[in-house]
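J.: Dropping the structure in here first, questions after.
Chains as they are written, first to last, in full-length UniProt numbering: chain A, 1 to 227; chain B, 1 to 293.
This is the structure we're talking about:
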């Protein structure tokens, strides 16, 4: 379960200006639910997601992901929260000097998994995203869509219960973006909670789900068909 | 397993970012070479200092004319056992005459008939007591002993030497401090840049839930490895520099072989510590500041 409780949040824009993105906002995401978070660029979608993996904290109120509350979590607990949350960004952020296999395996080693388990989980994750046959290739040898699949494999390798996707198709052409979206929806159908920030309304209509829009510093539910 | 991973990653990072590793290693090697040269100069200065102190810490006790030979010898024995005296030499009237002739040279024959110089005891004072106050006190003390005619030491020379030692010590400490700060600054900045170049690696580790300690470890292994290599380079350079200086300036006091080895080992150990601590501080700062988005 994910909770946003009376959240007021702001972020510092690149020009140094402090921007309030939401005020006194509350909503929940159920376990195994799928939801979109939509809004124009700069509306605060990323800020809301960052508050879930505790890279950013609300000015007021609290977020809760599973057992972890933003107003109670200690610095040393944050890594353990992040093991329960998979995160996918628009810019793939793969390590360029490692193969697809090593990029995924690295995430498992970094959380203290043993070599045998790392190998098993890495192959399973790459198979789930349909890229096990390219596991020895390096990021520069893969297409944008394939790189994003590796990122998704890395995000799910630790078997998180929730996947946060921040504009995961933003750097992809429409056909590849649809493929990636299909993959994320498949993961959701297998039981993964999925919260995806996007401004690609075409995808929202193609794979409809609960849709939350940031408008006038509030989060409101909208019907995807009206977009 | 995680320790094995950290060591493997630390070594692999060395290979993956060769230029950054080379830059850090060279920065540390230069810093260590500067510090090592300073230590070498300090050791050499210490040897010169103790030689100088021995020279100025010399005192001469003239035996009274009235003393018999056995009384003079008894005085010599008593002086030898004094706690502030490191060594003493008895100079008989005849030896004093011979020294005078040797030093005076031509014309000394006119005094040859009969020894006219008194017998004396020339003594070396222990280094910690080579101070104007201590020597004056010792002089006054010895002056009260039986069969002592006069006690002398070179007070103006002692004053000059002590002033110069103080001045040289202050200059040495100031220069050493500047070099130390410059070396730490150079190493700290180079390591920070090296770690900044790996921000994606740190971000990824944070994102997937690695603990801060776990993120730090490969960087510490890498820093220690770079420090060890830098220590070996600096140690080799220092040794070559020292040997070269010895052949150009044979009058240098020279270090005992075990001190040479200690200096080499010390440089390598300092390198490891420098690499470790530098990486620890730089990566800790970076982990705290890096944002995942």
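From the three backbone atoms N, C-alpha and C, an ideal C-beta is built for every residue, glycine too.
List in chain order: all unbroken alpha helix (DSSP H) runs of 4+ residues lying wholly within the UniProt domain "ABC3 transporter permease C-terminal" (175 to 288) of chain B.
T.: Listed in chain order, the complete alpha helix (DSSP H) runs (minimum 4 residues) inside the UniProt domain "ABC3 transporter permease C-terminal" (175 to 288) of chain B are 199 to 207 and 212 to 248.
J.: Answer with yes or no whether the minimum CB distance from residue 110 of chain A to chain B is below 9 Å.
T.: Cβ-Cβ to chain B under 9 Å: yes for residue 110 of chain A.
J.: Quick check on the DSSP output: the alpha helix (DSSP H) that includes residue 34 of chain B runs from which residue to which?
T.: Residue 34 of chain B -> alpha helix (DSSP H) spans 18 to 56.
J.: Distance, Cα to Cα, residue 95 of chain B vs residue 252 of chain B?
T.: Roughly 32 Å between the two C-alpha positions.
J.: So, is the C-beta of residue 215 of chain B closer than 9 Å to a C-beta in chain A?
T.: Interface residue, yes.
J.: Are there 16 or more other CB atoms within 10 angstroms of the CB of residue 85 of chain B, so buried, or fewer, so exposed?
T.: When all chains shown are included, residue 85 of chain B counts as buried.
J.: Kindly give me the distance between the Cβ atoms of residue 46 of chain A and residue 213 of chain A, rounded to whole angstroms, as I take these residues to be in contact under 8 Å.
T.: No, residue 46 of chain A and residue 213 of chain A are not in contact; Cβ-Cβ is about 15 Å, not under 8 Å.
J.: Using three-state DSSP, classify residue 96 of chain B as helix, strand or coil.
T.: In the structure shown, residue 96 of chain B sits in a helix (DSSP, three-state: H, G or I).
J.: Shorter than 8 Å, the distance from the beta carbon of residue 129 of chain A to the closest heavy atom of the ligand HEM, or not?
T.: Within the structure as shown, the ligand HEM is missing, as the structure has no ligands at all.
J.: Cα separation between residue 156 of chain B and residue 49 of chain B?
T.: Whole-angstrom Cα-Cα distance: 17 Å.
J.: Could you tell me which chain A residues have their CB closer than 7 Å to the CB of residue 205 of chain B, listed as they occur along the chain?
T.: Near residue 205 of chain B (Cβ distances below 7 Å), the residues of chain A are 110.
J.: Give the DSSP-derived three-state secondary structure of residue 292 of chain B in the structure shown.
T.: In this structure, residue 292 of chain B counts as coil in the three-state DSSP scheme.
J.: Scan the stretch 11 to 32 of chain B for residues whose Cβ lies nearer than 8 Å to a Cβ of chain A and list them as they occur along the chain.
T.: Residues 16.
J.: Can you check whether the CB of residue 161 of chain B is closer than 9 Å to the CB of residue 53 of chain B?
T.: Yes, Cβ-Cβ distance for residue 53 of chain B and residue 161 of chain B is below 9 Å.
J.: Between which two residues does the beta strand (DSSP E) containing residue 87 of chain B stretch?
T.: Counting along the chain, the beta strand (DSSP E) containing residue 87 of chain B begins and ends at 85 to 91.
J.: For residue 89 of chain A, which three-state DSSP category applies?
T.: If DSSP states are grouped into helix, strand and coil, residue 89 of chain A belongs with coil.
J.: Find the nearest neighbour of residue 112 of chain A within the set B/116, B/205 and B/280, judged by alpha-carbon distance.
T.: Among B/116, B/205 and B/280, the Cα nearest to that of residue 112 of chain A belongs to B/205.
J.: How about residue 53 of chain A and residue 87 of chain A: do their beta carbons lie closer than 9 Å?
T.: The answer is yes: Cβ separation under 9 Å.
J.: Given residue 40 of chain A, which residues of its chain have a CB within under 8 Å of its CB, disregarding the five upstream and five downstream residues?
T.: The answer, listed in chain order, is 199.
J.: Which of helix, strand or coil does DSSP assign to residue 10 of chain B?
T.: Three-state result, residue 10 of chain B: helix.
J.: What span of residues does the alpha helix (DSSP H) with residue 178 of chain A cover, start to end?
T.: That run of the alpha helix (DSSP H) goes 174 to 189.
J.: List the residues of chain B that residue 107 of chain A touches, going by C-beta distances under 7 Å, in chain order.
T.: Per Cβ cutoff of 7 Å: 208.
J.: Decide if the stretch 262 to 282 of chain B is in contact with the stretch 228 to 244 of chain B; the criterion is three or more beta carbon pairs, one per stretch, under 8 Å apart.
T.: Counting Cβ pairs under 8 Å, three or more are found: they touch.
J.: Tell me which same chain residues have a C-beta within less than 7 Å of the C-beta of residue 224 of chain A, skipping the five on either side of it?
T.: Excluding positions up to five away in sequence, the list reads 204, 205, 208 and 211.
J.: Rounded to whole angstroms, what is the Cα-Cα separation between residue 81 of chain A and residue 36 of chain A?
T.: Straight-line Cα distance between these residues: approximately 22 Å.
J.: Within the 9 Å Cβ cut-off, does residue 194 of chain B reach chain A?
T.: No, because no Cβ of chain A sits closer than 9 Å to the Cβ of residue 194 of chain B.
J.: Along the chain, where does the beta strand (DSSP E) containing residue 164 of chain A start, and where does it finish?
T.: Element bounds for residue 164 of chain A: 162 to 166.
J.: Below 7 Å on C-beta distance, what does residue 79 of chain A contact in chain B?
T.: By Cβ distance, chain B contributes 209, 210 and 211.
J.: Should the stretch 141 to 157 of chain A be called in touch with the stretch 181 to 188 of chain A, which here means at least 3 C-beta pairs below 8 Å?
T.: Flag = yes, the stretch 141 to 157 of chain A and the stretch 181 to 188 of chain A touch.
J.: Sort B/65, B/116, B/259 and B/214 by Cα distance to residue 147 of chain B and report the nearest one.
T.: With distances taken between Cα atoms, residue 147 of chain B lies closest to B/65.
J.: Closer than 8 Å is the cut-off here; do at least three beta carbon pairs connect the stretch 192 to 208 of chain B with the stretch 19 to 39 of chain B?
T.: Yes, they touch.
J.: Kindly indicate the opening and closing residues of the beta strand (DSSP E) around residue 11 of chain A.
T.: Residue 11 of chain A -> beta strand (DSSP E) spans 2 to 12.
J.: If I'm right that residue 21 of chain A touches residue 32 of chain A with Cβ under 8 Å, what's the distance once you round it to whole angstroms?
T.: Actually they are not in contact, since the Cβ atoms of residue 21 of chain A and residue 32 of chain A sit about 27 Å apart, beyond 8 Å.
J.: Is the Cβ-Cβ distance between residue 125 of chain B and residue 61 of chain B less than 9 Å?
T.: Contact flag unset, no.
J.: For chain B, find out if any of its Cβ atoms is closer than 9 Å to the Cβ of residue 56 of chain A; answer yes or no.
T.: Yes, its Cβ sits closer than 9 Å to a Cβ of chain B.
J.: Work out the CA separation of residue 44 of chain A and residue 12 of chain A for me, nearest whole Å.
T.: If you take the alpha carbons of residue 12 of chain A and residue 44 of chain A, they lie about 11 Å apart.
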